[in-house]
Each structure stands twice: as C-alpha cells, then as structure tokens.
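**Student:**
Numbering (the working numbering), first residue to last: 73 to 206.
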C-alpha cells in the first residue's frame, strides 16, 4: 500500500510537468519581449514607426503588401505636388524653369477626384495592414 503509483497518477504528473515547462518557457519568452506604446496626435507618425520597425526587424513587406501600398504612395505624391503648386501660387514663387510653368489651376482639379478615389479605396487597406503590423 502506498508503494505503487497508478497510471492515472503518472499521466497527471506528466501533464503537470508539461504545463510547468510551458509556463516556464512562456515566462522566459515574455521576459524577452519588449512592448512599446506609441502615443501621439493623429498624423504624427505612429504607424510610420510601426512600418519602419517591420522593415528593419522583420523581412520587410511581401509583394502583395507592396502592391497595396503603391496606390497610397501615388496618392500621397499627388497630394504633395498639389500642395507645393498651391503654395507656390499663394507665395507668388515663380518656376525656376519657365518651361515647367503649367496652369496651377488645372493640376489640382484634374487629379483631385482621382486622389479622392484612391484615398477612399485604400483607406481600409491601410488600417487593416497597420493593425496587422501591431
């Protein structure tokens, strides 16, 4: 009596050891994990930091992710060009190369609807990719 251990007790002891080992491994893994809380106003660059971290510390972006961001980069480029042209007009800054002077009124109106549609179509993609990076 008391000298033998039942099969159920052996199985329970083995499960207990397995659980203890998993808890220890998870604890070691969590101790190495660094968590970062990014705070800031909208458009202050929080998601840009996350994207840079992915590029630097992971394998970068897949071809599919690059295709998704292509429209965003295009839209941002168009918006920036329009802002520069508008600022040049407001500040009465002349083009250095007179041949480059174009009607500043036609560029924003020609691209505004396209830029809006690109923004609308890619806004949800950006958000889902940003959340996935977290």
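Every residue gets a Cβ at the ideal spot worked out from N, C-alpha and C, and that includes glycine.
Identify which residue in 171, 157, 128 and 120 has its Cα closest to the Cα of residue 141.
**Tutor:** 120
**Student:** In angstroms with no decimal places, state the Cα-to-Cα distance between residue 96 and residue 108.
**Tutor:** 23 Å
**Student:** Near residue 169, what residues of its chain come up, given a Cβ to Cβ distance below 7 Å and the 5 sequence neighbours on each side ignored?
**Tutor:** none
**Student:** If you measure between the beta carbons of residue 126 and residue 132, is that distance less than 8 Å?
**Tutor:** Cβ atoms of residue 126 and residue 132: closer than 8 Å.
**Student:** Suppose you measure from the CA of residue 164 to the CA of residue 173; what does that come to, to the nearest Å?
**Tutor:** Whole-angstrom Cα-Cα distance: 12 Å.
**Student:** Considering residue 96, what are the terminal residues of the alpha helix (DSSP H) in which it resides?
**Tutor:** Segment 79-104, the alpha helix (DSSP H) holding residue 96.
**Student:** Roughly how far, in whole angstroms, is the beta-carbon of residue 104 from the beta-carbon of residue 112, given that I think they are within contact range, below 8 Å?
**Tutor:** Residue 104 to residue 112, Cβ: 27 Å. No contact.
**Student:** Mark residue 150 as exposed unless 16 or more other C-beta atoms lie within 10 angstroms of its C-beta, in which case mark it buried.
**Tutor:** buried
**Student:** Grouping DSSP H, G and I as helix and E and B as strand, with all else coil, what is residue 114?
**Tutor:** coil
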